[in-house]
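What follows is a set of notes on a single structure, which appears directly below.
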Amino acid sequence: MLKNYLHFDLGESYYRDISVLDLVLEKMPVSISLGLWSTLLIYLISIPLGIRKAVKDGQAFDIWTSGAIVIGYAIPGFMFAILLVILFAGGRYWDIFPLRGIISENWRDLSLPHLILDYFWHMTLPVIAMVIGGFAGLTMLTKNSFLAEIGKQYVLTARAKGLSEKRVLYGHIFRNAMIIVIAGFPAAFISIFFTGALLIEVIFSLDGLGLLGYESIINRDYPVVLGTLYIYSLIGLIMTLVRDIVYVAVDPRINFEAKGM
Numbered sequence: 082m083l084k085n086y087l088h089f090d091l092g093e094s095y096y097r098d099i100s101v102l103d104l105v106l107e108k109m110p111v112s113i114s115l116g117l118w119s120t121l122l123i124y125l126i127s128i129p130l131g132i133r134k135a136v137k138d139g140q141a142f143d144i145w146t147s148g149a150i151v152i153g154y155a156i157p158g159f160m161f162a163i164l165l166v167i168l169f170a171g172g173r174y175w176d177i178f179p180l181r182g183i184i185s186e187n188w189r190d191l192s193l194p195h196l197i198l199d200y201f202w203h204m205t206l207p208v209i210a211m212v213i214g215g216f217a218g219l220t221m222l223t224k225n226s227f228l229a230e231i232g233k234q235y236v237l238t239a240r241a242k243g244l245s246e247k248r249v250l251y252g253h254i255f256r257n258a259m260i261i262v263i264a265g266f267p268a269a270f271i272s273i274f275f276t277g278a279l280l281i282e283v284i285f286s287l288d289g290l291g292l293l294g295y296e297s298i299i300n301r302d303y304p305v306v307l308g309t310l311y312i313y314s315l316i317g318l319i320m321t322l323v324r325d326i327v328y329v330a331v332d333p334r335i336n337f338e339a340k341g342m
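Numbering (this note's numbering), first residue to last: 82 to 342.
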């Protein structure tokens with residue numbers, strides 16, 4: 082089996098007349114799409130919010146946003162997904178967004194602009210659920226990174242030279258504080274892609290790897306279970322390597338040649 086896996090021969094599904102590799106490749110775009118949009122929005126929200134919280138540390142803005150972050154950190158994304166279904170997908174109140182799928186059944190008849198709108202219409206609730214459940218950790222990481230840099234000597238020197246606070250913040254602090262945040266992007270994407278998307282795909286019936294793995298476990302389709310686990314592990318190893326490369330690229334202090342390595 083290990084020899085076959087090295088050649089990406091993952092076997093065939095017990096219940097579907099298709100190879101496991103073809104099945105995984107068929108479902109992967111949905112999971113990658115969900116993970117990419119969620120990760121992008123989480124970064125676009127968390128980084129400005131974290132910077133603002135660092136600048137306003139201890140003030141009213143920092144205190145009340147910390148309450149929202151605690152709620153987002155404490156409640157899993159799938160709980161928000163269920164709440165969104167109840168509120169906006171015909172669960173009890175408003176029937177605004179579709180409950181299942183990534184596109185409508187008549188997508189072949191839609192023009193390109195309507196197809197794009199239909200896609201985002203279906204992706205709205207799943208992405209919101211993942212963003213709400215995932216932005217808290219990155220926000221606090223950004224805040225703590227900026228707070229650690231604000232008190233350093235080079236910041237005090239820049240202020241003593243008469244530079245504006247905005248110039249000090251974005252011209253000096255930003256690059257050093259963002260090193261750990263940027264380097265953590267691959268790990269954040271993997272975390273969202275692997276753990277966050279599983280239950281979200283099940284709740285919203287998104288035909289991705291999460292739903293495929295769940296259905297395979299229920300049906301005891303072991304070749305698919307092992308195949309998806311293998312693909313997950315392989316992507317995780319690759320993204321870990323990418324993380325290390327990004328960290329070296331963005332942090333000029335890392336120099337293995339100077340250390341004789």
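Cβ atoms here follow ideal geometry from the backbone N, Cα and C, with glycine treated the same way.
The region 236-251 / the region 210-219 touching (three or more Cβ pairs under 8 Å): no
Straight-line gap, A170 to A210 (C-alpha atoms, nearest Å): For the purposes of this step, residue 170 is identified with residue 89 of the sequence shown, where counting begins at 1. For the purposes of this step, residue 210 is identified with residue 129 of the sequence shown, where counting begins at 1. Distance between the alpha carbons of A170 and A210: 13 Å.
Residue range of the alpha helix (DSSP H) that includes D143: Here residue 143 refers to the residue found at position 62 of the sequence shown. Here the alpha helix (DSSP H) through D143 covers 141-155.
Distance between S226 and Y313 (C-alpha atoms, nearest Å): Start at 1 with the first residue of the sequence shown, and residue 313 comes out as number 232. Start at 1 with the first residue of the sequence shown, and residue 226 comes out as number 145. Cα-Cα distance, rounded: 30 Å.
Through-space distance from H253 to A141, alpha-carbon basis: Counting from 1 along the sequence shown, the entry for residue 141 is found at position 60. Counting from 1 along the sequence shown, the entry for residue 253 is found at position 172. Going from the Cα of A141 to the Cα of H253 covers about 26 Å.
Residue nearest to V327 in terms of C-alpha spacing, selected from G291, I261, L292: Working through the sequence shown from its first residue, we reach residue 327 at position 246. Out of G291, I261, L292, I261 has the C-alpha closest to the C-alpha of V327.
Closest residue to L45 among W145, A162, K84, G148 (Cα-Cα distance): Past the boundaries of the shown model lies residue 45; the chain is included only from 82 to 342, so the question cannot be answered.
Selection from F285, Y295, V323 that minimises the alpha carbon distance to L164: The residue you call residue 164 lines up with position 83 of the sequence shown. Closest by alpha carbon: F285.
7 Å CB neighbourhood of E230 in its chain, flanking five on each side removed: Along the sequence shown, read from residue 1 onward, the residue named residue 230 stands at position 149. Contacts found: V236, I254, N257, A258.
Residue environment, R324, which counts as buried when at least 16 other CB atoms sit within 10 Å: Sequence index remark: in the sequence shown, residue 324 carries index 243 (1-based). Buried: at least 16 other Cβ atoms inside 10 Å.
Closest Cα partner of D302 within the set L83, K84, N85, D98: The residue given as residue 302 occupies position 221 in the sequence shown. Residue D98 is the option with its Cα nearest to D302.
Exposure of G294, with buried meaning 16 or more beta-carbon neighbours within 10 Å: As a first step, residue 294 must be located in the sequence shown, where it is residue number 213. By the 10 Å Cβ count, G294 comes out buried.
Rounded C-alpha distance that separates F178 from Y95: Your numbering for residue 178 matches position 97 in the sequence shown. Your numbering for residue 95 matches position 14 in the sequence shown. CA-CA distance, F178 to Y95, rounds to 35 Å.
Status (buried if at least 16 other CB within 10 Å, exposed otherwise) for E282: The sequence position of residue 282 within the sequence shown is 201, counting from 1. It is buried - the Cβ of E282 has at least 16 other Cβ atoms within 10 Å.
Proximity winner among L228, L196, V105, G153, relative to D138 (alpha-carbon distances): Here residue 138 refers to the residue found at position 57 when the sequence shown is read from its first residue. Selected option, being the one with the closest Cα: L228.
CA nearest to the CA of I128, picked from T223, Y251, L315: Position 47 of the sequence shown holds residue 128. If you compare the alpha carbons of T223, Y251, L315 with that of I128, the shortest gap goes to T223.
Residues near H203 in its chain [Cβ-Cβ closer than 7 Å; skip 5 each side]: By 1-based counting over the sequence shown, the position of residue 203 is 122. Result list for H203: P179, G182, I183, I184, in chain order.
Nearest-angstrom Cα separation, counted from F201 out to I144: Along the sequence shown, one-based indexing puts residue 144 at 63. Along the sequence shown, one-based indexing puts residue 201 at 120. Taking the straight line from one Cα to the other gives about 33 Å.
C-beta contact flag for F89 and L104 at 7 Å: On the sequence shown, residue 89 is found 8 positions in, with the first residue counted as 1. On the sequence shown, residue 104 is found 23 positions in, with the first residue counted as 1. No. Outside cutoff.
DSSP three-state assignment for D325, whether helix, strand or coil: As a first step, residue 325 must be located in the sequence shown, where it is residue number 244. The answer is helix: DSSP assigns D325 an H, G or I state.
Whole-Å CB distance - L115 paired with G289, under 8 Å assumed: Residue mapping note: residue 115 aligns to position 34 of the sequence shown, counting from 1. Residue mapping note: residue 289 aligns to position 208 of the sequence shown, counting from 1. At roughly 7 Å, the Cβ-Cβ gap stays under 8 Å, so L115 and G289 are in contact.
Range of the contiguous alpha helix (DSSP H) that encloses D288: Taking the first residue of the sequence shown as 1, we reach residue 288 at position 207. First-last for D288: undefined, no H or E at that position.
L130 versus Y251: straight-line alpha-carbon distance, rounded: For the purposes of this step, residue 130 is taken as the residue at position 49 of the sequence shown. For the purposes of this step, residue 251 is taken as the residue at position 170 of the sequence shown. Cα to Cα, the separation comes out at about 14 Å.
Reduced DSSP category for E93 - H, G, I as helix; E, B as strand; rest coil: The residue labelled residue 93 in the question sits at position 12 within the sequence shown. If DSSP states are grouped into helix, strand and coil, E93 belongs with the strands.
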